[in-house]
Amino acid sequence: MVSSISDPIFDRASELKKFDDTKAGVKGLLDAGVTEVPAIFRLPPNDTEDSSHVADAKYSFPIIDLQGVHEGSVQREEIVEKIRDASETWGFFEVINHGLPLSVLEEMKDGVRRFHEQDTEVKKEFYTRELSGKVVYTSNFDLYTAPAANWRDTLYLLMDPDDPNPQEMPVACRDIVMEYSKDVMQLGYLLFELLSEALGLNPHHLKEMDCARGLLVLCHYYPACPQPELTLGTTKHADKGFLTVLLQDHIGGLQVLHQNQWIDVPPTPGALVVNIGDLLQARPRVSVACFFSTALQPNPRLYGPIEELLSKENPPKYRETTVKDDGELVQEGVEMPWPIRGVGVLEIQLMMTLSESSSKKKLVECHCKSVNNTLKVHHSKQTIMVSTFNLDYDRLSELKAFDDTKAGAKGLVDAGITKVPRIFHHPPDNFYNSSLDLDTKFTFPIIDLKGVDQCSDQRKAIVEKVRNASEFLGFFEVVNHGIPEGVLEEMKEGVRRFHEQDPELKKMFYTRDYMKKVVYNSNFDLYSAPTTNWRDSIYCLMAPDPPQPEELPSACRDEIMLFSKEVMKLGNLLFELLSEALGLDPNHLKDMDCSEGLAVLGNYYPACPQPELTLGASKHADSDFLTVLLQDHIGGLQILHQDQWIDVPPIPGALVVNIGDLLQLLSNDKFRSVEHRVLANHRGPRISVACFFSTFLMPKSRPYGPIKELLTEENPPKYRETTVREYSAHYKDRGIDGTSALLDFRL
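In full-length UniProt numbering, the protein residues as written are 1 to 747.
Below is the structure:
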C-alpha cells in the first residue's frame, strides 16, 4: 500500500532524502518499474483539477508573422501593433518566421532527450543542488521546500555572458546547446526591440537596460507518468520572467488562463509561443527553458518604472531596486532562479528576466493585461511565505550539513560559534513587538484548581474561569493542579540531562521518522519551514501505547514515565472542566477520545549568541486538542493577543494550558487556539516540556467536526469534518509558517 500525504505513516522528509540520494531523478523511478506515483509527488485533488479544457471556438489565439520585420517600416509597425494588442489582451501569442531554423529546434529537443535518456551513472556526474555552478543536473530545484514535488528532471546551463568551458558541458547535448543559445540570443534582441516599440519607446530601450544580458538554459524532462491524475509536471504558478519563448511539439499541453478559463495553446509546427505575463500550465512533458537574467552578474544598476512611461495619471508604482536585491525576495515554493516550472511535452522556453516578478511589473505593468490581471506569486493554499533567496547562498546544502551532524543547535554552541548561522535567521518582521512587557492593564489568567472535586460551588467558579480564559485568551496557567513540584523539577532536569549528555549517545535517537515513538532532532519541519528555529527536541509518544521502558533514553526515562502518568490525570480533569465550560456533560470530550493520546516534547533552547536574529519557536498554533506546558524560570514564551505579543510569566509550580486547533474546531470557535512563539535568549539553556493531547498515530479514523450540541441556526458549523490523522499530517506537511492550519478547514 502506498502512503499518502495525509497519512502520518508517510515521513515526507525521509522520503525526499531517499529520492534525492538516488541521483536518478524521476526517470530513475520509471526505470525501476514504479506503477504508482510516490507520495512526495502527490497533490491534493483540487490542485490537480481538470486541465484538459479545450479552447473555446470564440477564442482565436493570436499568431504573429515576423516575416519582413526588418524590411519595411509599415510591416514592422503592423507587427508591433499586433504584439501590443496581444500583450494587453492575452499576454500570450505565437510567432512564426522567427529566424530559428527548424533543424536547430528539432536537434535541441533531441539533445535534451539524449542527455536524460543516457546511462544514469553518466548523468550522476552532473547531479548537484549547488546552484552556483554553470552546469547542474537535478530533480526539482525546490525539492525540500515545495508542498509537493513535480514529475520532472532538469539540466541547467548558464550560457551567457560567461559560458562554461565546452569540456564542462554534457557530451550528449554540448554542440546543440551552444548553437541553440546563440540563435536564442539573436531572437531575444529582436523581441526586446519590438516590445520597446510596443511601449512607445526607442527600439533599444530595454536592451540598453541590460534586459537581454545573461542567458540560462534549462532542459526539462518529464517521463511518462503511471498516474497523471495524482501529480503535475508543474503546479499552477506565476511566470517570474520578463519574457518567455516556448517551442512545443505536436503533443501540446500548454494552457493559459484567459478570462478565468483554461485555454489550450495550439501547437503550431515551427511556431514559438511568446508570453509577457503568467505562464500557468498543467500537464507533464519535457522542456528546455532559457532565461535572460543579470541576476548572476555583479550589477549595481537600479531598476524602476521607466521614466518615459510615467505621467501624472500614471505615477510610479514601485520603488527602485537592483536585480540582485529584487531576486532575494522569493515566494516559498516557487522555483528560482528558474522562473518556469516546465509542464509537459517538449518545449523550449526563453526567459528575458530581471529575476523576479516585480521587475516585469515595473517595466510593463500598465501595458500588459496578463500582468495587471493575473500576475501573482505562487503560494500554497495555506499561506504565502516569503523567504530569503540569494544565488550565492545555498540554503539546502546548509540545512543538510546541519542535519547530518545530528548534534542540533546545541552542537553549534558546543563548537564555539559566535554568530548564528544563516539558516536560523528570521525576517525582521518576525520580531515586531518582540520585547513587549506585560501590559499593566493585562493580567494573565491564573486558575487555582484547589477544591475542584470537593465542592460544587467551587467547581462552578473554576469552570467559569476556564470558560472566560478559553474564550478570551486561549491560554491560562493552573496552580494546585495535583502534580507534585518534585515531579516537575525532575522532569526539567531529565530533559536537561538528555540534551547535555554525550552527543554520540543522543545520536542513537536522532531521526526524522515520526512513526517512531522516540524521536530526537532539531526542527521537525527543518526542510519545509521558511526559517529554522534555535531549538532541539526529544519527542516521546506516551499514550495510549507507550514505548517499552528500554526504548526511552536512560537520561530521562523514569522522569518521563512518571510525569506522563501525572499529566494524563490532569488532562482528564481539564477536559471535564472544558466540557462543562461548553455547557456539556463533564465526560463529553473524554468520550470523544480527546484525552486518549499524549505526546511529550522535551525542548532545549541553548543560549544564543545573537538572539535578535532568530527565534526559539516561530509563530504558530498547536495542532492538538489541548497542550499542557511546563516551563522553567527563564521564560520566553509569548502569546499573540489583540495584535500584541504578551509574555507568559513563568510561575514556580504552575503549568501553562492552551487550547489546540482541534478543540477550537470542536467548539466551533467558542474556544480559541491562539498563536504563540518562543524568543531566543542570551541566557540559557531554557527548558520546556510540552504535552500534547491528541490521538496522532492511532489507527482510528474517527471524524471530528463542530460538536452538534453546540450548533444552532445562529451558530452553524464553521468547519468541515476531518480526522486527527488528516489534520496532523496537514499541519506537519506545511510546517510552522506563521499562519493557522485551521483556515484550510473552514467552510
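Note that CB positions come from ideal geometry on N, CA and C, so glycine has one too.
- Item | Outcome for F442 when other beta-carbon atoms lying within 10 angstroms are tallied against a minimum of 16 | Locating residue 442 in the sequence shown gives position 442, where the first residue counts as 1. Exposed is the call here.
- Query: K465: buried (16+ other C-beta within 10 angstroms of its C-beta) or exposed?
  - Reply: In the sequence shown, the residue the question calls residue 465 occupies position 465. Buried, by the Cβ-count rule.
- Where A271 falls, given that 16 or more other Cβ within 10 Å makes a residue buried: In the sequence shown, residue 271 corresponds to position 271, counting from 1. Under this definition A271 is a buried residue.
- Supposed contact pair Y731 and T145 - C-beta distance, whole angstroms, cut 8 Å: Within the sequence shown, numbered from 1, the residue matching residue 145 stands at position 145. Within the sequence shown, numbered from 1, the residue matching residue 731 stands at position 731. At roughly 17 Å, the Cβ-Cβ gap does not stay under 8 Å, so T145 and Y731 are not in contact.
- Confirm, please, whether the CB-CB distance from W151 to G28 is below 8 Å. By 1-based counting over the sequence shown, the position of residue 28 is 28. By 1-based counting over the sequence shown, the position of residue 151 is 151. Taking 8 Å as the Cβ cut-off, G28 and W151 do not qualify as a contacting pair.
- With a 10 Å radius around its C-beta and 16 neighbouring C-beta atoms as the bar for buried, classify K82 as buried or exposed. Taking the first residue of the sequence shown as position 1, residue 82 is located at position 82. Buried, by the Cβ-count rule.
- Message: Could you check whether the segment 578-595 touches the segment 657-676, counting it as contact only if at least three pairs of C-beta atoms, one from each stretch, sit closer than 8 Å?
- Response: yes
- Query: DSSP three-state call for Q664: helix, strand or coil?
  - Reply: Translated into the one-based positions of the sequence shown, residue 664 becomes position 664. Helix at Q664.
- Could you give the distance in angstroms between the alpha-carbon of A654 and the alpha-carbon of G482? Position 654 of the sequence shown, counting from 1, holds the residue named residue 654. Position 482 of the sequence shown, counting from 1, holds the residue named residue 482. The straight-line gap from Cα to Cα measures roughly 10 Å.
- Query: According to DSSP, what are the bridge partners of I707?
  - Reply: Indexing the sequence shown from 1 puts residue 707 at position 707. None; I707 has no bridge partner.
- M508: buried (16+ other C-beta within 10 angstroms of its C-beta) or exposed? For the purposes of this step, residue 508 is taken as residue 508 along the sequence shown, with counting starting at 1. It counts as exposed.
- Message: With a threshold of 8 Å, are at least 3 pairs of Cβ atoms found where one atom belongs to the segment 602-620 and the other to the segment 675-688?
- Response: yes
- Who are the Cβ neighbours of S397 in its own chain at under 7 Å, not counting the five residues just before and after it? Locating residue 397 in the sequence shown gives position 397, where the first residue counts as 1. Hits under 7 Å: R129 and E130.
- N- and C-terminal bounds of the beta strand (DSSP E) containing R557: As a first step, residue 557 is located in the sequence shown; it is residue number 557 there, counting from the start. Here R557 belongs to no beta strand (DSSP E); instead the alpha helix (DSSP H) covers R557 to A581.
- Task: Report buried or exposed for S470, applying the criterion of at least 16 other Cβ atoms within 10 angstroms of its Cβ.
- Result: In the sequence shown, counting from the first residue as 1, residue 470 sits at position 470. Buried, since its Cβ has 16 or more Cβ neighbours within 10 Å.
- Collapsed DSSP secondary structure at M185 in the structure displayed: Here residue 185 refers to the residue found at position 185 when the sequence shown is read from its first residue. Helix.
- Item | Same chain only: Cβ atoms within 6 Å of L105, ignoring 5 sequence neighbours per side | The residue you call residue 105 lines up with position 105 of the sequence shown. Counting only Cβ-Cβ distances below 6 Å, and skipping sequence neighbours, we find L247.
- Task: In the DSSP assignment, find the unbroken beta strand (DSSP E) run with A543 in it and report its ends.
- Result: Residue numbering aside, residue 543 sits at position 543 when the sequence shown is read from its first letter. Element bounds for A543: D536 to A543.
- Task: Find the nearest neighbour of R84 within the set D513, I306 and V274, judged by alpha-carbon distance.
- Result: For the purposes of this step, residue 84 is taken as residue 84 along the sequence shown, with counting starting at 1. Considering only alpha carbons, the answer is V274.
- Message: So for L747, helix, strand or coil by DSSP?
- Response: Position 747 of the sequence shown, counted from the start, is the residue given in the question as residue 747. Secondary structure of L747 (DSSP, three-state): coil.
- Query: Mind pulling the alpha helix (DSSP H) runs of 4 or more residues that sit fully within the segment 167-229?
  - Reply: Within the segment 167-229, the alpha helix (DSSP H) runs of at least 4 residues that lie entirely inside it are, in chain order, 174-198 and 205-208.
- Message: In this structure, how does DSSP classify H481 when only helix, strand and coil are distinguished?
- Response: Here the question's residue 481 lines up with position 481 in the sequence shown. Reduced to three states, the DSSP call for H481 is coil.
- Message: Can you tell me where the beta strand (DSSP E) holding T627 begins and where it ends?
- Response: Taking the first residue of the sequence shown as position 1, residue 627 is located at position 627. Segment L626 to Q631, the beta strand (DSSP E) holding T627.
- Residue environment, E485, which counts as buried when at least 16 other CB atoms sit within 10 Å: In the sequence shown, residue 485 corresponds to position 485, counting from 1. The residue is exposed, with fewer than 16 neighbouring Cβ atoms inside 10 Å.
- Taking the CB atoms as reference points, tell me whether S694 and L662 lie closer together than 8 Å. Residue mapping note: residue 694 aligns to position 694 of the sequence shown, counting from 1. Residue mapping note: residue 662 aligns to position 662 of the sequence shown, counting from 1. For S694 and L662, yes; Cβs fall inside 8 Å.
- Query: Between which two residues does the alpha helix (DSSP H) harbouring T405 extend?
  - Reply: For the purposes of this step, residue 405 is identified with residue 405 of the sequence shown, where counting begins at 1. Element bounds for T405: R395 to T405.
- Message: Considering just the uninterrupted stretch of the beta strand (DSSP E) at I64, what are its terminal residues?
- Response: Taking the first residue of the sequence shown as position 1, residue 64 is located at position 64. Where I64 is concerned, the enclosing beta strand (DSSP E) stretches over I63 to D65.
- Task: Let me know the secondary structure DSSP gives G636 once reduced to three states.
- Result: In the sequence shown, residue 636 corresponds to position 636, counting from 1. DSSP places G636 in coil when its eight states are reduced to three.
- Residue from G597, W90 and M159 whose Cα sits closest to the Cα of H258: Sequence index remark: in the sequence shown, residue 258 carries index 258 (1-based). Nearest option by C-alpha distance: W90.
- CA-CA distance, M592 and R746? In the sequence shown, residue 592 corresponds to position 592, counting from 1. In the sequence shown, residue 746 corresponds to position 746, counting from 1. Distance between the alpha carbons of M592 and R746: 21 Å.
- Quick one, which of L195, L218, V217 and L216 has its alpha-carbon nearest K207's? Here residue 207 corresponds to residue number 207 of the sequence shown, with the count starting at 1. When each option's Cα is compared against that of K207, the closest is L195.
- Query: If you draw a straight line from the alpha carbon of F402 to that of I639, how long is it in whole angstroms?
  - Reply: Counting from 1 along the sequence shown, the entry for residue 402 is found at position 402. Counting from 1 along the sequence shown, the entry for residue 639 is found at position 639. C-alpha separation (whole angstroms): 29 Å.
- Query: Of the choices E576, K516, A529 and A741, whose alpha-carbon is the least far from that of D548?
  - Reply: By one-based count along the sequence shown, residue 548 stands at place 548. For clarity, residue 548 is Gln in the given sequence; the question names Asp instead. For Q548, the nearest C-alpha among the options comes from K516.
- Message: Distance check for L187 and E71, CA to CA, integer angstroms please.
- Response: The residue given as residue 71 occupies position 71 in the sequence shown. The residue given as residue 187 occupies position 187 in the sequence shown. Cα to Cα, E71 sits roughly 16 Å from L187.
- Looking only at its own chain, which residues have a Cβ that is under 6 Å from the Cβ of L541, when we skip the five neighbours before and after it? Taking the first residue of the sequence shown as 1, we reach residue 541 at position 541. The answer, listed in chain order, is K517 and A599.
- Task: Could you spell out the range, first to last residue, of the alpha helix (DSSP H) harbouring R113?
- Result: Numbered from its first residue, the sequence shown carries residue 113 at position 113. Residues L102 to E117.
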